[in-house]
Amino acid sequence: MIEIVEVSKNFGNVSALDNVSLNFGEGQIIGLLGVNGAGKSTLMRLIYGLLAPSSGHIRVAGVDVQRDPIAARGYLGVLPDNTGLYKRLTARENILYFGRLQGMSEAALQRETDHLLALLGMESIAHRVAEGFSLGERMKTALARAIVHQPQYVLLDEPTNGLDVMTTRAVRRLLQAQKAAGKTVLLSSHLMYEVENLCDQIVVIAGGRVMAQGTPQAVTQQAGCQQLEDAFIKLSGLEETEA
Amino acid sequence: MSRQTLIVLRKELRDALRDKRSLRLVLLTPVFMVGFFALTIGFTIHMSSQEQPEIELPVSGMERAPGLMQWLAEQQIHVREIEGDAYAQVSAGELSYALVVPDSEPVTGPYQVWLIYDAANQVVHRDLWPLRQSIQQYNSREASVQVLARGLSAQLLNPVLLREANVASEQQMGGMILSGLPMLLLMCAMVSSMGFAADMTAGERERRSLEALLINPVSAINMMLGKWLTALTLTLVVVLLSLALLGLALYLLPFDRLGVRVSVDLLALSVIFMVLVPISALAVGLQLLMGVVSRSFKDAQTFMSLLMLLPMVSFFIMLMNPDMERVWHVWLPLLGQQMLVKDILLGETLAAMAVVACWLSAVPLTLLTLWLAARQLQRAKIIYG
Numbered sequence: 100m101i102e103i104v105e106v107s108k109n110f111g112n113v114s115a116l117d118n119v120s121l122n123f124g125e126g127q128i129i130g131l132l133g134v135n136g137a138g139k140s141t142l143m144r145l146i147y148g149l150l151a152p153s154s155g156h157i158r159v160a161g162v163d164v165q166r167d168p169i170a171a172r173g174y175l176g177v178l179p180d181n182t183g184l185y186k187r188l189t190a191r192e193n194i195l196y197f198g199r200l201q202g203m204s205e206a207a208l209q210r211e212t213d214h215l216l217a218l219l220g221m222e223s224i225a226h227r228v229a230e231g232f233s234l235g236e237r238m239k240t241a242l243a244r245a246i247v248h249q250p251q252y253v254l255l256d257e258p259t260n261g262l263d264v265m266t267t268r269a270v271r272r273l274l275q276a277q278k279a280a281g282k283t284v285l286l287s288s289h290l291m292y293e294v295e296n297l298c299d300q301i302v303v304i305a306g307g308r309v310m311a312q313g314t315p316q317a318v319t320q321q322a323g324c325q326q327l328e329d330a331f332i333k334l335s336g337l338e339e340t341e342a
Numbered sequence: 534m535s536r537q538t539l540i541v542l543r544k545e546l547r548d549a550l551r552d553k554r555s556l557r558l559v560l561l562t563p564v565f566m567v568g569f570f571a572l573t574i575g576f577t578i579h580m581s582s583q584e585q586p587e588i589e590l591p592v593s594g595m596e597r598a599p600g601l602m603q604w605l606a607e608q609q610i611h612v613r614e615i616e617g618d619a620y621a622q623v624s625a626g627e628l629s630y631a632l633v634v635p636d637s638e639p640v641t642g643p644y645q646v647w648l649i650y651d652a653a654n655q656v657v658h659r660d661l662w663p664l665r666q667s668i669q670q671y672n673s674r675e676a677s678v679q680v681l682a683r684g685l686s687a688q689l690l691n692p693v694l695l696r697e698a699n700v701a702s703e704q705q706m707g708g709m710i711l712s713g714l715p716m717l718l719l720m721c722a723m724v725s726s727m728g729f730a731a732d733m734t735a736g737e738r739e740r741r742s743l744e745a746l747l748i749n750p751v752s753a754i755n756m757m758l759g760k761w762l763t764a765l766t767l768t769l770v771v772v773l774l775s776l777a778l779l780g781l782a783l784y785l786l787p788f789d790r791l792g793v794r795v796s797v798d799l800l801a802l803s804v805i806f807m808v809l810v811p812i813s814a815l816a817v818g819l820q821l822l823m824g825v826v827s828r829s830f831k832d833a834q835t836f837m838s839l840l841m842l843l844p845m846v847s848f849f850i851m852l853m854n855p856d857m858e859r860v861w862h863v864w865l866p867l868l869g870q871q872m873l874v875k876d877i878l879l880g881e882t883l884a885a886m887a888v889v890a891c892w893l894s895a896v897p898l899t900l901l902t903l904w905l906a907a908r909q910l911q912r913a914k915i916i917y918g
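Protein chains in written order, with my numbering: chain A, 100 to 342; chain B, 534 to 918.
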């Protein structure tokens with residue numbers, strides 16, 4: 100379980116997150132919805148401990164992220180926003196490097212890497228250096244690199260941003276496999292259809308606050324709307340610009 | 534060393550070895566450096582072995598001083614008569630210099646001849662010295678002849694005779710010629726892995742892989758250690774290559790033709806290497822620290838190129854104070870190494886303590902740079918810009 104307890108984060112005078120409390124249980128795909136600047140990336144960075152909360156605390160599998168970030172990171176697999184690869188290493192070497200840093204045994208690492216390369220349809224690029232990869236190839240490599248160590252919690256910041264339909268499908272298949280294996284997937288997105296089809300739970304964030312939480316249907320109903328997109332716009336307080 | 538440090542080292546080395554362009558550039562540095570050195574020495578040898586060029590002396594009024602003219606001719610100086618105003622011709626640049634024998638003898642005092650030259654013309658200085666020398670010799674010869682003719686000893690004219698003896702050993706003379714080498718070697722140690730250090734720090738940020746890297750359960754210090762070992766390995770390879778090429782150049786260059794003896798054997802080169810290891814370690818630590826705090830790859834390289842100036846600073850300090858060799862100087866990083874490398878090249882035997890001292894002084898500073906770099910690496914401001 101990831102427990103976020105009364106967490107606030109300020110950058111100078113700007114409040115990025117304001118008293119956020121959330122719990123993410125096992126075997127779920129959770130969608131984090133919010134416009135740009137709503138606080139999605141900040142919340143993720145707090146969970147993997149590269150940012151420190153101004154107040155409150157976060158526990159990953161019972162480990163306080165502030166107190167022991169290295170232990171907490173052992174439970175996490177993270178695809179940060181707009182992440183980069185080592186361009187002189189092949190796709191496979193990029194994946195192996197992070198797997199080794201995660202402390203995997205060499206046999207398990209090779210096995211899991213092959214498995215992911217097959218699952219994401221990356222056999223053709225496995226032995227090519229990352230220089231010159233397309234956006235989709237980069238994203239798939241980064242995703243495989245993030246989850247090769249089979250983490251209990253998978254955090255993905257806009258994983259399908261700018262991907263073509265086949266790649267998006269491959270990613271979706273992968274996330275469903277994670278869920279089936281009892282893992283927790285937390286993904287941020289601003290693509291409604293994506294979230295609606297994939298996620299068991301959604302959390303709507305606006306202005307650093309949690310505006311709604313629950314299944315997509317429950318959130319839509321809670322806002323008194325027919326469509327999730329309408330509910331999202333209403334909850335994010337964007338209606339006036341629409342009119 | 535932890536397993537994670539080794540994993541980082543392995544990956545970074547592989548990454549660096551695939552960066553063929555940077556690698557070529559770095560490995561060419563010692564080739565250029567030693568090549569430049571060999572050319573300089575070769576040029577010096579060439580210049581010193583050249584025969585004195587013949588001097589041609591334009592003279593106005595040759596017939597008025599036949600004795601002097603004959604003497605100059607005997608000294609391999611070709612005299613020739615010129616027409617017109619010698620002064621005007623030298624001012625106009627038509628002649629580099631000229632000797633004028635005035636037609637009127639002075640009433641009292643010595644006979645006067647004028648050497649007219651343009652000191653702004655660099656070419657004349659080479660010839661003027663032997664010319665003056667020859668005329669002085671003529672002077673004393675004539676004087677001796679006249680004193681002898683009056684029945685006195687020629688010794689009266691030279692109560693004091695200055696003789697010189699140079700006690701510097703041939704090897705120490707060689708050291709003079711090698712004085713620029715410690716600076717070149719230190720520069721090699723300071724800057725060789727600059728590009729790689731920048732790539733592993735600022736480059737990691739610029740290609741946006743730093744955040745993902747730091748999310749792995751690895752302590753920042755282990756990560757820094759791996760990167761430091763990578764850069765240190767590369768630096769030491771370049772330093773070794775430089776020393777090998779230098780040893781070869783010193784062995785092949787015909788120093789005996791300069792009248793000096795240079796004996797830098799394998800043992801001396803090994804001691805130089807041992808002296809350069811701690812300064813390489815410190816330089817690499819500084820490079821990584823600079824790379825971590827730089828805004829971009831470009832900034833990092835600009836920042837790091839300042840490291841190139843440091844050996845020059847210590848070189849000029851040594852140049853200004855040639856006799857500063859206090860015991861505590863070997864404890865100053867860079868200055869100490871500069872002194873020790875110079876001493877080894879001069880053929881002096883080093884106290885083992887001096888080599889230990891330059892290690893002991895560099896190790897804590899290196900650890901400090903690594904600790905600072907690791908601390909900076911974890912700061913949100915560094916990761917997220």
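Positions of the beta carbon are idealized from the N, C-alpha and C atoms, including for glycine.
Can you name the start and end residues of the alpha helix (DSSP H) that residue i belongs to?
| i | result |
| --- | --- |
| residue 837 of chain B | 830-837 |
| residue 798 of chain B | Unbroken run through residue 798 of chain B: none, as it is neither H nor E. |
| residue 658 of chain B | 656-682 |
| residue 591 of chain B | Where residue 591 of chain B is concerned, there is no enclosing alpha helix (DSSP H), although the beta strand (DSSP E) it sits in stretches over 588-593. |
| residue 917 of chain B | 913-917 |
| residue 243 of chain A | 234-246 |
| residue 296 of chain A | 291-297 |
| residue 141 of chain A | 139-146 |
| residue 214 of chain A | 205-218 |
| residue 329 of chain A | 327-334 |
Among the options, which has the Cα closest to the Cα of residue i?
| i | options | result |
| --- | --- | --- |
| residue 836 of chain B | B:727, B:575, B:873 | B:727 |
| residue 778 of chain B | B:568, B:874, B:722 | B:568 |
| residue 281 of chain A | A:315, A:191, A:252 | A:252 |
| residue 846 of chain B | B:629, B:752, B:827, B:866 | B:866 |
| residue 691 of chain B | B:672, B:561, B:698 | B:672 |
| residue 265 of chain A | A:219, A:242, A:254 | A:219 |
| residue 968 of chain B | B:687, B:878, B:579 | No answer is possible for residue 968 of chain B: the residues shown for chain B start at 534 and end at 918. |
| residue 298 of chain A | A:136, A:123, A:178 | A:123 |
| residue 879 of chain B | B:802, B:908, B:839, B:538 | B:802 |
| residue 738 of chain B | B:825, B:843, B:716 | B:825 |
Which chain B residues are close to residue i, counting only those with a beta carbon under 9 Å from its beta carbon?
| i | result |
| --- | --- |
| residue 307 of chain A | Simply none; closest approach about 17 Å. |
Are the C-beta of residue i and some C-beta of chain A separated by less than 8 Å?
| i | result |
| --- | --- |
| residue 825 of chain B | no |
| residue 909 of chain B | no |
| residue 847 of chain B | no |
| residue 745 of chain B | yes |
| residue 537 of chain B | yes |
| residue 540 of chain B | yes |
| residue 902 of chain B | no |
| residue 905 of chain B | no |
Residues of chain B with a CB under 8 Å from the CB of residue i: which are they?
| i | result |
| --- | --- |
| residue 181 of chain A | 741 |
| residue 234 of chain A | Neighbours of residue 234 of chain A on chain B: none; closest Cβ ~13 Å, over 8 Å. |
| residue 270 of chain A | Those do not exist, as residue 270 of chain A stays about 17 Å from chain B at its closest Cβ, beyond 8 Å. |
Which residues in chain B have a C-beta closer than 7 Å to the C-beta of residue i? List them in chain order.
| i | result |
| --- | --- |
| residue 147 of chain A | 748 |
| residue 150 of chain A | 913 |
Give the interface partners of residue i over in chain A, defined as CB-CB distance under 8 Å, in chain order.
| i | result |
| --- | --- |
| residue 752 of chain B | 169 |
| residue 915 of chain B | Those within 8 Å of residue 915 of chain B in chain A number zero; the least Cβ separation is about 10 Å. |
Do we get a CB-CB distance below 8 Å when we pair residue i with the residues of chain B?
| i | result |
| --- | --- |
| residue 162 of chain A | no |
| residue 172 of chain A | yes |
| residue 175 of chain A | yes |
| residue 184 of chain A | yes |
Name the two residues that bound the continuous beta strand (DSSP E) containing residue i.
| i | result |
| --- | --- |
| residue 274 of chain A | Residue 274 of chain A -> not in any beta strand (DSSP E); alpha helix (DSSP H) instead, spanning 264-279. |
| residue 313 of chain A | 308-313 |
| residue 302 of chain A | 300-305 |
Run down chain A in chain order and give the residues with a C-beta less than 7 Å from the C-beta of residue i.
| i | result |
| --- | --- |
| residue 544 of chain B | 196 |
List, in chain order, every chain A residue whose beta-carbon is nearer than 9 Å to that of residue i.
| i | result |
| --- | --- |
| residue 812 of chain B | Going along chain A, no residue has its Cβ under 9 Å from residue 812 of chain B, so there is no contact; the nearest lies around 29 Å. |
When every heavy atom of the ligand GDP is checked, does at least one fall within less than 7 Å of the C-beta of residue i?
| i | result |
| --- | --- |
| residue 828 of chain B | The ligand GDP is absent from the structure shown, which contains no ligands of any kind. |
Would you list, in chain order, the members of the segment 186-210 of chain A that have their beta-carbon closer than 8 Å to a beta-carbon of chain B? 186, 187, 188, 192, 196, 197, 199, 200, 201, 202
Output needed in chain order: residues of the segment 546-558 of chain B with a Cβ under 8 Å from some Cβ in chain A. 547, 548, 551, 552
Near-chain A residues of the segment 712-735 of chain B (beta-carbon distance less than 8 Å), N- to C-terminal order: none
Residues of the segment 240-262 of chain A in Cβ contact with chain B at a cutoff of 8 Å, in chain order, please. 241, 244, 245
Counting only Cβ-Cβ distances shorter than 9 Å, please list the residues of the segment 273-295 of chain A near chain B, keeping chain order. none
Within 9 Å of chain A by C-beta, residues of the segment 870-885 of chain B in sequence order: none
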